[in-house]
Structures are given as structure tokens and as C-alpha cells.
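Residue numbers (the working numbering): 41 to 613. Data block below; observations after.
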Amino acid sequence: MAWKHRPLNDSVSNASDEIHDFSCSVCKDDNLNIQAKHFCGDCSNYYCDECLKFHAKIHKPHVVFGRKDVDKWVVQGDALVTCDLHPPTVLELLCEDHAELCCHLCVSLNHRMCKRVDLISDLAKGIHKMADFKQLPANVTKVTASLNQVSEARKKNKNSLKISRKSMLTKIKSLRSSLNELLDELEKRTVEQMDSVLAGIDWSLQKDIDHCDLLHDQLKALLDSVQAHDKESRSFIGYRKCKDKMAEGNRLLREMNTKQKATITFQPDTRAQHLLSDIKTLGNIKGHPDPDFEQSSGQIKQSSNKPEVFKVKQKKTYAMNIKNDKQVCCIDCITELPGGEIVLVDNINCRVKVLDSEYKVTAHCDLPEFPQDICNISDHEVAVAFEIGTDRNEVYFLTVSADNIKMTRKFSVDHSCNAIKHHEGELYVGTATALYLYTMTGRLERKVYEDTSGEVTVNGFDLSSDGMKLYIPVSSYNKVNIIDKRGNILATLQDPDFDWPYSVHVSGTGHVFVCSLESNTVVQIDQEGRKKLATLVRKGDSINKPMAVLHSTHTGRLIVGGEQNDILVMELQ
41 MAWKHRPLND
51 SVSNASDEIH
61 DFSCSVCKDD
71 NLNIQAKHFC
81 GDCSNYYCDE
91 CLKFHAKIHK
101 PHVVFGRKDV
111 DKWVVQGDAL
121 VTCDLHPPTV
131 LELLCEDHAE
141 LCCHLCVSLN
151 HRMCKRVDLI
161 SDLAKGIHKM
171 ADFKQLPANV
181 TKVTASLNQV
191 SEARKKNKNS
201 LKISRKSMLT
211 KIKSLRSSLN
221 ELLDELEKRT
231 VEQMDSVLAG
241 IDWSLQKDID
251 HCDLLHDQLK
261 ALLDSVQAHD
271 KESRSFIGYR
281 KCKDKMAEGN
291 RLLREMNTKQ
301 KATITFQPDT
311 RAQHLLSDIK
321 TLGNIKGHPD
331 PDFEQSSGQI
341 KQSSNKPEVF
351 KVKQKKTYAM
361 NIKNDKQVCC
371 IDCITELPGG
381 EIVLVDNINC
391 RVKVLDSEYK
401 VTAHCDLPEF
411 PQDICNISDH
421 EVAVAFEIGT
431 DRNEVYFLTV
441 SADNIKMTRK
451 FSVDHSCNAI
461 KHHEGELYVG
471 TATALYLYTM
481 TGRLERKVYE
491 DTSGEVTVNG
501 FDLSSDGMKL
511 YIPVSSYNKV
521 NIIDKRGNIL
531 ATLQDPDFDW
541 PYSVHVSGTG
551 HVFVCSLESN
561 TVVQIDQEGR
571 KKLATLVRKG
581 DSINKPMAVL
591 HSTHTGRLIV
601 GGEQNDILVM
611 ELQ
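Given below as C-alpha cells:
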């Protein structure tokens with residue numbers, strides 16, 4: 041229905057332009073704008089002084105409030121008609137330009153320039169007969185029902201989020217528990233390693249103690265025997281034996297004086313602490329819907345950066361043979377100590393050799409027949425795998441310094457032992473066709489992997505820096521397998537440059553290198569085992585049958601050993 045509204049100046053004719061906070065209700069009905077000075081709580085009407093006289097005659101019992109009690113003028117029931125901006129002023133006008141209900145103060149302050157401002161009393165005439173007004177209860181009911189429906193849905197959503205929180209909290213607690221178990225296992229392995237090292241030192245010290253005690257008792261017994269008899273011949277014999285034993289005792293004392301006091305130290309591995317300090321939370325939690333949400337917030341993204349591919353800048357050879365070597369060197373394996381010392385195994389001459397920063401041999405140690413592989417254990421300790429004959433297979437632990445190498449302890453295994461690697465207190469020991477996991481004390485934990493389809497399916501393997509992947513040269517089939525810690529094959533790589541792949545080396549920065557014996561090559565492959573990145577050594581590159589490769593953490597150089605007296609050292613770029 042269309043409504044024709046009268047202009048404001050017509051609606052309030054005969055009224056003054058003065059704006060009042062409250063106008064007399066009786067005068068307003070006569071189109072007069074007179075300020076109210078009284079309010080009747082029973083009538084809920086406002087009165088000027090003149091109109092109050094007539095009200096007082098008719099409604100004597102009614103309670104009337106003057107200006108002193110103006111805070112009581114607007115009763116609770118009048119909240120509907122009270123201006124929100126200027127309480128307790130009553131709403132009397134409608135600005136059609138802004139579709140706003142207004143009081144006189146609103147009009148004076150904000151709607152003076154508006155063209156369509158009408159009295160509510162005019163607009164309200166016939167409101168109860170309007171179709172829209174009659175439909176108001178049904179429309180309100182419809183909207184409130186929809187609001188209730190949405191509100192209930194949101195309440196259910198809130199409850200589901202509480203359930204989700206409990207579920208996620210369980211997963212977080214489970215993850216924390218797993219981390220605690222890992223830390224407990226690391227502590228256990230560290231204690232086992234400590235006890236193993238202490239046992240080796242204790243054994244050496246006890247050996248010296250027993251030797252001293254034995255000589256002490258023998259000398260005392262000889263002296264007592266000499267002093268118990270007067271015969272010169274018996275005394276002479278006792279005298280000579282005492283002198284021999286004293287000489288032996290003095291030799292032992294001199295030897296003891298050259299030995300340093302046995303000590304043991306603990307160098308904390310701070311990588312885990314640094315890693316945890318860098319991680320802000322145990323996982324990534326995002327709400328739905330979220331355009332940035334990924335299917336698995338815990339999934340590790342593969343780096344979009346291309347892997348670093350090396351090129352050879354320059355190369356040089358360094359002699360590894362020493363005076364007592366009887367045959368041409370066979371550098372079977374190489375490792376690097378945290379201090380930067382290079383330790384390598386000369387298989388054919390049965391020696392471990394230590395190199396300084398100029399790649400000169402500064403110390404060596406003779407070993408049992410044919411040491412097969414070497415790996416770094418700690419700052420000054422390495423483990424060497426031996427395959428001695430058909431029935432004797434052992435792991436030796438050596439302490440290494442720049443000018444000295446000593447064997448501290450060992451343990452035996454019940455299988456061939458041609459490859460060894462250490463990771464976080466565990467030893468991976470390889471045969472020609474299988475891979476086993478041992479503790480540092482020599483206790484077999486489990487068989488990790490086995491492939492008996494060929495003569496040599498497990499050769500000089502290595503682990504990724506996090507220990508989650510193992511790179512295994514499958515020499516018999518000219519390929520490299522990448523497996524996880526459970527022995528599952530993750531990838532297999534074959535390449536024309538793989539002809540009897542002999543060993544794999546994973547650098548501290550994650551770069552992977554493969555030595556191939558018959559093709560005389562050293563290649564770089566990607567970490568996932570999908571492709572070859574570069575061939576760094578080829579036939580004729582000053583190395584014969586490369587068997588060992590090391591990417592030095594300290595110098596960034598690539599060191600290659602094989603069946604010759606020299607090692608090849610390359611600057612990379």
C-alpha cells in the first residue's frame with residue numbers, strides 16, 4: 041500500500057521551532073510544541089503546567105513526578121519508544137531519507153537537511169489494519185525459528201569441536217608419549233655406551249693391576265724363600281731370580297709411567313635440543329574451512345629447491361703408503377672424526393691409518409686380517425668390521441688421536457661382517473646379503489633386511505643423516521636400493537655408470553655419492569634415489585677401482601680411495 045506523507049512543516053504547524061527533551065502529551069495532540077514539566081507514572085503521559093491542572097482535577101490519586109525526579113519519567117514500559125541515542129527522549133519522528141526513527145534531538149543534530157521527516161503519529165494511523173503488520177507475528181516466528189535453527193547448529197558444531205579437541209589432545213599426548221619413549225631409549229643407549237666404554241677401560245686397568253699384584257707376590261715369595269735358607273747355592277739362585285723379577289717389575293713400572301691416567305668424558309649431542317627449540321609446536325593445527333588447509337598438516341613437504349649438484353673444480357693425489365707396507369695399498373673405507381682427522385682402512389696391508397689436514401699419515405695401527413669397513417662412533421672412537429677366516433667375525437673399537445691408535449674392546453658376531461655403520465648408539469652390520477642391527481655392547485637386536493637372490497646384494501651401505509633411510513649397493517645387479525628402517529624398499533636406482541657399485545657415502549649435509557668398482561666411477565645421486573645428478577670421477581681420473589668416498593664436513597672436499605697407493609682429493613663447486 042502506498043502512503044502519501046505530509047511535509048514536516050505541515051505536520052507541526054502552529055508549533056514553535058524550539059526542541060524539547062520532553063513535550064506535553066496533551067499539547068502535542070493539538071499540534072503544539074510545549075515543554076513538559078511533569079510526568080504521570082500512572083498515565084505515562086507528559087504535562088505542561090497548564091495541562092497538569094486539568095489532570096490533577098480528574099486523577100487526584102495518580103503519582104506525578106516533577107523535573108527534580110526526571111530520572112523516573114521514562115518507565116520500563118517506555119523503553120520501546122525511547123531514543124537509543126538520547127535517552128530518555130521519546131521517538132516521535134521517522135526520517136524517510138535514512139529510514140531511521142528519531143527524536144527531536146536526532147532531527148536537530150543529524151536530520152536538519154533531510155527532506156522527508158514525518159511524525160510517527162501520522163504514519164501510525166491505521167497500522168493495525170495493514171497486511172504487513174498483521175503478518176508480523178508469523179514473519180517474526182519464521183525468522184526466530186531460523187535463528188534458533190542456526191543457533192542449534194552452531195551449538196552442535198561447538199560440541200563437535202570439543203570432541204575434536206579431546207581427540208586431538210589424545211593424539212598430542214600420544215605423540216608426547218612417543219617422544220618420551222624415544223628419549224628414554226636414547227638415554228638407555230647412551231648409558232649402555234657409557235658402560236661399554238667403562239668396561240673396556242676397566243678391563244685394561246684391571247689387567248695392569250693383576251700384573252702388578254702378580255709381580256709383587258712373586259718377588260715377596262722369592263725374598264721369603266731366600267731369607268729362609270743359609271745354603272749359598274740356594275741363596276744364589278734366589279738372588280738371581282729376584283733380580284730378574286725386579287727387572288721385569290721395573291720394565292712394567294716404566295711402561296705404567298708412560299700411560300696416561302684413564303678418563304672418560306661425555307660430549308652431549310645437542311642436535312635434538314636445537315631441533316626441539318626450533319619447533320614451535322608438535323604439529324600444525326588449522327580450522328575448517330581454510331583455503332590454506334592441507335590434507336595432512338603433519339606431512340613433510342619436499343623442498344622445492346633443486347638439489348645441489350657438484351662439479352669438480354680441481355683435483356690432487358696424496359700418497360698413503362708407508363715404509364712398512366708390503367703391498368700396494370687398498371683403501372677400502374674412509375671416515376672423518378668430528379675434529380677433522382681422516383681415518384682410513386688399508387685392507388690389503390691390514391692397517392688403519394690416520395691423516396692430518398695435509399693428508400699425511402701421522403699414525404697407523406696393525407690389525408687382524410682384512411679389515412672390511414670402518415665407521416665413526418664418537419669424537420675419538422671408531423668401529424672396524426673384520427672377517428677373519430670363515431669362523432671368526434668381529435667388531436673392534438679403536439680410540440684414535442692424531443699420533444696414536446689403540447684397540448679398547450671388541451665383540452664377535454655369528455655371520456660374515458663386511459660393512460658397518462653407526463647411528464645414535466646403534467650399529468648396523470652388513471653381510472654380503474643381509475643387514476643386522478646391534479647394540480654397542482654387541483647384542484643382536486634384529487635382522488633389518490635380507491636379499492639372497494644374488495652373491496652380493498648388500499655392500500658398503502650408508503644411512504641418511506636422520507637415520508630413516510639406508511642406501512645399499514646391490515653389487516650383483518648393478519643398482520642401489522634405498523630402504524627404510526624396517527627393511528622396506530623405497531626406491532631402486534640403476535645407471536650405466538653403476539658397474540659393481542661397491543659403496544655409498546651420505547655426507548653430513550645429505551649429499552649421496554656412489555663408488556662403482558668396475559666402471560671406475562663416483563657419481564652423485566639425489567636423496568630420494570630417483571636419478572643420477574652428476575658423474576664426478578671417471579676412468580682415467582687418477583684413481584683405480586674406487587672403493588671408498590668421503591665428502592669432508594670440515595673442508596667440503598671429496599676424498600676417494602681405491603686399489604692404489606694414492607687417494608684422490610677433489611675441490612668441488
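Using N, Cα and C, we set each Cβ at its ideal position, and we do this for glycine too.
Can you give me the Cβ contacts of residue i inside the same chain, cut-off strictly under 6 angstroms, excluding the 5 residues immediately before and after it?
| i | result |
| --- | --- |
| residue 451 | 435, 482 |
| residue 186 | none |
| residue 306 | none |
| residue 126 | 143, 145 |
| residue 156 | 136, 137 |
| residue 548 | 593 |
| residue 66 | 91 |
| residue 97 | none |
Does the beta-carbon of residue i have 16 or more other beta-carbons within 10 angstroms, so that it is buried, or is it exposed?
| i | result |
| --- | --- |
| residue 240 | buried |
| residue 553 | buried |
| residue 223 | exposed |
| residue 621 | Because the chain in this structure spans residues 41 to 613, residue 621 falls outside the shown range and cannot be described. |
| residue 308 | exposed |
| residue 607 | buried |
| residue 545 | buried |
| residue 381 | buried |
| residue 205 | exposed |
| residue 378 | exposed |
| residue 494 | exposed |
| residue 249 | exposed |
| residue 319 | exposed |
| residue 392 | buried |
| residue 526 | exposed |
| residue 283 | exposed |
| residue 94 | exposed |
| residue 117 | For residue 117, the predicted structure reports a pLDDT of 43, less than 50, and the residue's modelled location is therefore unreliable. A value from the coordinates is still provided. Classification of residue 117: exposed, given that the 10 Å Cβ count is below 16. |
Residues in the same chain with beta-carbon distance under 8 angstroms from residue i, minus the five sequence neighbours each way, listed in chain order, please.
| i | result |
| --- | --- |
| residue 353 | 610, 611, 612, 613 |
| residue 258 | 285 |
| residue 400 | 358 |
| residue 442 | 381, 394, 396, 402, 403 |
| residue 232 | 465, 479, 480, 481 |
Just list the residues that DSSP pairs residue i with in beta bridges.
| i | result |
| --- | --- |
| residue 433 | 427 |
| residue 156 | Its beta-bridge partners do not exist; DSSP assigns none. |
| residue 105 | 79 |
| residue 357 | 608 |
| residue 476 | 469, 487 |
| residue 122 | 130 |
| residue 451 | 435 |
| residue 591 | 598 |
| residue 513 | 520 |
| residue 386 | 371, 391 |
| residue 348 | According to DSSP, residue 348 bridges with nothing at all. |
| residue 649 | What is shown of the chain runs 41 to 613, which leaves residue 649 out entirely. |
| residue 500 | 543 |
| residue 492 | BP columns for residue 492 are empty, so no partner. |
| residue 422 | 416, 438 |
| residue 74 | The partner list for residue 74 (beta bridge, DSSP) is empty, contrary to what the question assumes. |
Just reading off the beta strand (DSSP E) that residue i is part of, what are its end residues?
| i | result |
| --- | --- |
| residue 372 | 371-376 |
| residue 240 | From DSSP, residue 240 is part of no beta strand (DSSP E) but of the alpha helix (DSSP H) over 176-267. |
| residue 582 | Segment: none, residue 582 is in no beta strand (DSSP E) and carries neither H nor E. |
| residue 140 | 140-142 |
| residue 131 | Neither: residue 131 is in no beta strand (DSSP E) and is coded neither H nor E. |
| residue 405 | 401-406 |
| residue 555 | 552-556 |
| residue 531 | 529-534 |
| residue 417 | 411-418 |
| residue 564 | 561-565 |
Might you give, ordered along the chain, the residues of its own chain that have their beta carbon closer than 7 angstroms to the beta carbon of residue i, omitting 5 neighbours on each side?
| i | result |
| --- | --- |
| residue 331 | Low per-residue confidence applies at residue 331: pLDDT is 41, beneath 50, and the placement is therefore not dependable, though the value from the model is reported in the following sentence. Nothing listed; no residue qualifies. |
| residue 534 | 518, 519 |
| residue 602 | 371, 583, 584, 585, 586, 587 |
| residue 200 | none |
| residue 490 | 473, 474 |
| residue 289 | 255, 259 |
| residue 167 | 173 |
What residue range does the alpha helix (DSSP H) around residue i cover?
| i | result |
| --- | --- |
| residue 289 | 272-298 |
| residue 459 | Premise fails: residue 459 lies in the beta strand (DSSP E), 459-463, not in any alpha helix (DSSP H). |
| residue 65 | 65-69 |
| residue 89 | 89-98 |
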